[in-house]
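Novice: Protein chains in written order, with the working numbering: chain A, 5 to 378; chain B, 5 to 378.
Have a look at the structure that comes next, please.
There are 2 protein chains.
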Amino acid sequence: MAVTIKDVAREAEVSVATVSRALNGRVNVAPEVRSHVQAVAARLRYIPHSAARSLITRRTQTIGALLPDMHGEFFSELIRGIDRAARAKGYHLLLSSSHGDADETATALQAMLGRVDGLLIMSPYADPGFIEEHLPETLPSILLNPVHGHTRLPALAVDNRKGAYVMTRHLVNCGHRDIAFIAGPKGNLDAEERLQGHLDALHELLPGASEQVVAGDFSEESGYRAGSQIARLQRLPHALFAANDSMAIGCLFALNEAGLRVPADIALAGFDDIPTARFTQPPLTTVRVRIADLGGRALDRLVAAVAAKESGHRLPPHRIQMLDPELVLRSSCGMHEHRSAGTDAHEPVRTTRKRVRNGSDTRMRSTPVKPKTR
Amino acid sequence: MAVTIKDVAREAEVSVATVSRALNGRVNVAPEVRSHVQAVAARLRYIPHSAARSLITRRTQTIGALLPDMHGEFFSELIRGIDRAARAKGYHLLLSSSHGDADETATALQAMLGRVDGLLIMSPYADPGFIEEHLPETLPSILLNPVHGHTRLPALAVDNRKGAYVMTRHLVNCGHRDIAFIAGPKGNLDAEERLQGHLDALHELLPGASEQVVAGDFSEESGYRAGSQIARLQRLPHALFAANDSMAIGCLFALNEAGLRVPADIALAGFDDIPTARFTQPPLTTVRVRIADLGGRALDRLVAAVAAKESGHRLPPHRIQMLDPELVLRSSCGMHEHRSAGTDAHEPVRTTRKRVRNGSDTRMRSTPVKPKTR
DNA sequence: GGACCGACTGTAAACGTTTGCAGGCGGCTT
DNA sequence: AAGCCGCCTGCAAACGTTTACAGTCGGTCC
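Shown next, in the form of structure tokens:
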């Protein structure tokens, strides 16, 4: 049916071996033969059968991405980063997302196993036991956003703790002394790390301050509930730090409804910098995660691992690489009313600022910008 | 290296043929033999080599998705729809997105060719010439959001025209007589269809009304510019209809800056229902596109085409299938001030309303809700 | 002029599966 | 008791590539 290498060989009056060599850019094929073969292949619209090739070469030129059920900008940015990097390296991307539970994730993983050279895994269920159970030792894999205890796999993660720490420090620097935290779901690692970062900063910078943690689950509704609850308190906190932007936005609704003005009556900050954060009233101060970068770097590292395996080299030691998030200062934190952001300038890590398109953002990076590798 | 079917056969003391039949659920294998083989395969952690299988079966169980450079919710929803449907049908998803120009798209397409059973194409460059040039006749494919003249391929598209028509009709029903339109980029099909739908409604419902079309390019900035320009007019239109939400939001900023109140001074509507639309002040009336549905249906149809091809059936005639968008009524259109939404009830198509979570949305569907197939 | 060498090309094996075909074996029918 | 039939199993070919190895051919060196 389809045209194979044999058809090309017959038509070009050479052997299949020569066709293969000519088309794959091997040396040892006469230039005129090569161009002739290429011409014939193009004329016949020859498409190599990648399965046959994979069978003999034992590589698929495909990496798999196993992702959780995600929405919006976070998902699209992550994919963009992975996809771009994959194409740059000549790999295809096999995607499996939207897994609701551990079983689904396991099934999806199993289904990918024969078909990929490496695996990028981002999953709340990918704990060491799960990995041990379902992932062959020999398949190069990278974990994204894990820190699920320790696994044998290398990992890349956003430094949630540092991000939350820096935000809380910023709030303190703005003059807020009484800071409440709206937490994410119990058992969610991101949520717990953010809480921890907040508490660390609190204890360190405001010794003796009481911990005020309100429950939430990352949903807008839970933010709304937390906001209403807080608005009813006798003694209002100075500032609210929500573990993600969605909750911050829900909270903002509740505060508005209660007649409280942000940031005049109470300051507010979020985490993630979802696009909507720029458009709330007032615009939301938050923590930005460079998501596309996260995906791209993960892929680059995975490809390196695949290459290392094939050339028989020992893989470099499994490291967990942390990506620093950056503070995005808008007006909801009240910094312009209490103290200028300059207060943060005494922090030990170097900071950079730049004006961006919107005009109302001020970004601060907590570490020097690294030059892009490659 | 890896464990193959032969290893399983040797270990289970049967032939490879029996292993194959046992594992693939063929009939004609004794129950006890089957379970024994399964046990051995599991113990050995046997993973079938999918390339070898593809080679002989001539199917990859993979469909490719060729997508343009997209951001945010639209992208993630589309992928979600496709991914879910693919998994339900037992197909893998090979993704290639973020293509900036026709050459890049062609390269990505070529790279997919040997590896997929079918192709889902959404690309501004996928015109009939491009298709003819790069896509083999024999590969089942479906176009998403095209209507690029006519191609030999079946297609699924959002009915931009109808959506814009219905929105303009709604604005007219709200009492607005003087409606300006902020257009999308020239040459963009979505943009042109939306403009056309608006103009159709205008001419039909307000005969003799003058066309007021302001240029834009779908970016927030262009919406802002359009808004400033309109705010400076001697005679303000009653309503503004932006060809997408981003421009509507930019425009809203400009109107606010100019001291105009929405909807009291001027009504505003958008298109797409991006998440941010719920959070603007006032919340934005817009047109919702059920994107995940679009992706899911496209995949279902593609799989049907693949199956048809394999069973040798003639494919059903290539149809373009239109998906109706739905009106999302919030307060920016001023409907509650001029006329109640009930005015729309005389429209010929059936409408349904429901309260949604947010409490401030009223959705109207312009056609009856179809039961989910399967 | 013969041996050797280098550049190129062809032959054939191998990759891991699926599946058509044939054969074995037990039980049932006549 | 012989034949038949149906269930189950094994043998071996085939899928389309890549690549080790062998071979051809013309030229160069002694």
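Don't be surprised by glycine CBs; every beta carbon is placed ideally from N, CA and C.
Computed from a predicted model, the values in this text were never measured in an experiment.
Determine the extent of the alpha helix (DSSP H) in which GLY316/B is found, giving its start and end residues.
Specialist: As a working note, residue 316/B is residue 312 in the second sequence. Counting along the chain, GLY316/B falls outside any alpha helix (DSSP H), and DSSP gives it neither H nor E.
Novice: Looking only at C-alpha atoms, which of ALA26/A, ILE51/A, GLU224/A, THR290/A sits nearest to LEU117/B?
Specialist: Here the question's residue 117/B lines up with position 113 in the second sequence. Among ALA26/A, ILE51/A, GLU224/A, THR290/A, the Cα nearest to that of LEU117/B belongs to ILE51/A.
Novice: Whole-angstrom Cβ separation of THR244/A and ILE270/A, contact assumed at under 8 Å?
Specialist: Position 240 of the first sequence, counting from 1, holds the residue named residue 244/A. Position 266 of the first sequence, counting from 1, holds the residue named residue 270/A. According to the sequence as given, residue 244/A is Leu; it is not Thr. The pair is a contact, with the Cβ atoms about 6 Å apart (cut-off 8 Å).
Novice: In chain order, which continuous runs of the beta strand (DSSP E) of length 3 or greater are located wholly inside the region 131-185 of chain B?
Specialist: Runs found: 145-148, 159-162.
Novice: Are VAL12/A and VAL44/A closer than 8 Å when you measure CB to CB?
Specialist: Numbered from its first residue, the first sequence carries residue 12/A at position 8. Numbered from its first residue, the first sequence carries residue 44/A at position 40. Going by C-beta atoms, VAL12/A is nearer than 8 Å to VAL44/A.
Novice: At the level of alpha carbons, what is the spacing between ASN248/A and GLU197/A?
Specialist: By one-based count along the first sequence, residue 248/A stands at place 244. By one-based count along the first sequence, residue 197/A stands at place 193. Their backbone Cα atoms lie some 12 Å apart in a straight line.
Novice: Which two residues bound the contiguous alpha helix (DSSP H) that contains GLY85/B?
Specialist: Locating residue 85/B in the second sequence gives position 81, counting from the first residue. It spans 76-93 - the alpha helix (DSSP H) in which GLY85/B sits, taken as one unbroken run.
Novice: Quick check: what's the CA-CA separation for GLY193/B versus THR111/A?
Specialist: Counting from 1 along the second sequence, the entry for residue 193/B is found at position 189. Counting from 1 along the first sequence, the entry for residue 111/A is found at position 107. Note that residue 193/B corresponds to Leu in the displayed sequence, not to Gly. About 40 Å.
Novice: Checking 8 Å against the spacing of the C-beta atoms, do VAL41/A and VAL7/A come in under that value?
Specialist: On the first sequence, position 37 is the one that residue 41/A refers to. On the first sequence, position 3 is the one that residue 7/A refers to. Taking 8 Å as the Cβ cut-off, VAL41/A and VAL7/A do not qualify as a contacting pair.
Novice: With the cut-off set at 8 Å, would you say LEU139/B and VAL120/B are in Cβ contact?
Specialist: Counting from one through the second sequence, the residue named residue 139/B turns up at place 135. Counting from one through the second sequence, the residue named residue 120/B turns up at place 116. Not closer than 8 Å, so no.
Novice: Quick one: what's got a C-beta closer than 6 Å to ARG63/A's C-beta in the same chain, skipping five residues either side?
Specialist: Indexing the first sequence from 1 puts residue 63/A at position 59. These residues qualify, in order along the chain: ASP121.
Novice: Compare the Cα-Cα distances from HIS202/A to each of VAL218/A, PHE185/A, HIS96/A and report the closest residue.
Specialist: The count along the first sequence starts at 1 and reaches residue 202/A at position 198. Out of VAL218/A, PHE185/A, HIS96/A, PHE185/A has the C-alpha closest to the C-alpha of HIS202/A.
Novice: Going by alpha carbons, who is nearest to LEU306/B out of ILE9/B, ALA90/B, GLU15/B, MET74/B?
Specialist: For the purposes of this step, residue 306/B is taken as residue 302 along the second sequence, with counting starting at 1. Of the listed residues, the one whose Cα sits closest to LEU306/B is ALA90/B.
Novice: Which same chain residues, not among the five before or five after VAL266/A, have their C-beta less than 7 Å away from its C-beta?
Specialist: On the first sequence, position 262 is the one that residue 266/A refers to. Taken in chain order, the residues that qualify are LEU256, LEU259, LEU272, PRO286, SER336.
Novice: Could you give the residue range of the beta strand (DSSP E) that holds GLU330/B?
Specialist: Taking the second sequence and counting its residues from 1, the one referred to as residue 330/B is at position 326. Residues 330-333.
Novice: Shorter than 8 Å from the beta carbon of MET171/A to some beta carbon of chain B?
Specialist: Taking the first sequence and counting its residues from 1, one reaches residue 171/A at position 167. It does not: the Cβ of MET171/A has no partner Cβ on chain B nearer than 8 Å.
Novice: For GLN325/A, which residues does DSSP report across the bridge?
Specialist: Taking the first residue of the first sequence as position 1, residue 325/A is located at position 321. Answer by DSSP bridge pairing, in chain order: LEU160/A.
Novice: Report the CB separation of ILE146/A from PRO132/A in whole angstroms; it is logged as a contact under 8 Å.
Specialist: Start at 1 with the first residue of the first sequence, and residue 146/A comes out as number 142. Start at 1 with the first residue of the first sequence, and residue 132/A comes out as number 128. Going by Cβ atoms, the distance from ILE146/A to PRO132/A rounds to 15 Å, so no, they are not a contact pair.
Novice: How should SER250/A be labelled, buried or exposed, when 16 other C-beta atoms within 10 angstroms of its C-beta is the threshold for buried?
Specialist: Within the first sequence, the letter at position 246 stands for residue 250/A. That one is buried.
Novice: Closest by CA to SER223/B, which one among LEU331/B, PRO72/B, ALA46/B, ALA187/B?
Specialist: Taking the first residue of the second sequence as position 1, residue 223/B is located at position 219. Among LEU331/B, PRO72/B, ALA46/B, ALA187/B, the Cα nearest to that of SER223/B is on ALA187/B.
Novice: If you draw a straight line from the alpha carbon of GLY299/A to that of SER127/A, how long is it in whole angstroms?
Specialist: Numbered from 1 along the first sequence, position 295 holds the residue referred to as residue 299/A. Numbered from 1 along the first sequence, position 123 holds the residue referred to as residue 127/A. Each residue's Cα considered, the two are about 14 Å apart.
Novice: Please go through the same chain and pick out, in chain order, the residues whose beta-carbon is closer than 6 Å to the beta-carbon of VAL217/B, but skip the five residues on each side of it.
Specialist: Position 213 of the second sequence holds residue 217/B. Counting only Cβ-Cβ distances below 6 Å, and skipping sequence neighbours, we find PHE185, ALA187.
Novice: Are the C-beta atoms of ALA56/B and some chain A residue less than 8 Å apart?
Specialist: Looking up residue 56/B in the second sequence gives position 52. For ALA56/B, the answer is yes, since a Cβ of chain A falls inside 8 Å of its Cβ.
Novice: Tell me the residue span of the alpha helix (DSSP H) that contains VAL12/B.
Specialist: Position 8 of the second sequence, counted from the start, is the residue given in the question as residue 12/B. Residues 9-16.
Novice: Comparing C-alpha positions only, which one of LEU210/B, GLU225/B, GLY263/B sits nearest to ALA235/B?
Specialist: Start at 1 with the first residue of the second sequence, and residue 235/B comes out as number 231. When each option's Cα is compared against that of ALA235/B, the closest is GLY263/B.
Novice: Please classify GLY85/A as buried or exposed, where buried requires at least 16 other C-beta atoms within 10 Å of its C-beta.
Specialist: Here residue 85/A corresponds to residue number 81 of the first sequence, with the count starting at 1. It counts as buried.
Novice: List the residues of chain B whose Cβ lies closer than 8 Å to the Cβ of ASP87/A, in chain order.
Specialist: The residue you call residue 87/A lines up with position 83 of the first sequence. What ASP87/A touches in chain B: LEU99, SER100, SER101, SER102.
Novice: Looking at chain A, which residues of the region 112-129 of chain B have a Cβ within less than 9 Å of any of its Cβ atoms?
Specialist: Cβ contacts with chain A come from ALA112, GLN114, ALA115, MET116, LEU117, GLY118, ARG119.
Novice: For ASP276/B and LEU59/B, I'd like the C-alpha separation in whole angstroms.
Specialist: In the second sequence, counting from the first residue as 1, residue 276/B sits at position 272. In the second sequence, counting from the first residue as 1, residue 59/B sits at position 55. Their Cα atoms are separated by approximately 43 Å.
Novice: Using a Cβ-Cβ distance under 8 Å, would GLU261/A count as near chain B?
Specialist: As a working mapping, residue 261/A is identified with position 257 in the first sequence. No, because no Cβ of chain B sits closer than 8 Å to the Cβ of GLU261/A.
Novice: Going along the chain, which residues of its own chain have a beta-carbon closer than 7 Å to the beta-carbon of LEU210/B, five neighbours each way excluded?
Specialist: What you label residue 210/B is simply residue 206 of the second sequence in a count that begins at 1. Cβ neighbours of LEU210/B beyond the five flanking positions: VAL176, ARG181.
Novice: Taking C-beta pairs closer than 9 Å, name the residues in chain A that ARG49/B reaches, listed in chain order.
Specialist: On the second sequence, position 45 is the one that residue 49/B refers to. Here the neighbours are PRO140.
Novice: Of the choices MET74/B, GLY68/B, ASP105/B, PRO72/B, whose alpha-carbon is the least far from that of SER379/A?
Specialist: Nothing can be reported for residue 379/A: it is not among the residues displayed for chain A, which extend from 5 to 378.
Novice: In the DSSP assignment, what are the bridge partners of GLN216/B?
Specialist: By one-based count along the second sequence, residue 216/B stands at place 212. Answer is ALA184/B.
Novice: What is the rounded straight-line gap between the Cα of LEU199/B and the Cα of ARG156/B?
Specialist: The residue given as residue 199/B occupies position 195 in the second sequence. The residue given as residue 156/B occupies position 152 in the second sequence. One C-alpha to the other measures close to 27 Å.
Novice: Does chain B have any CB closer than 8 Å to the CB of GLU462/A?
Specialist: This structure gives no information on residue 462/A, because the portion of chain A shown stretches from 5 to 378.
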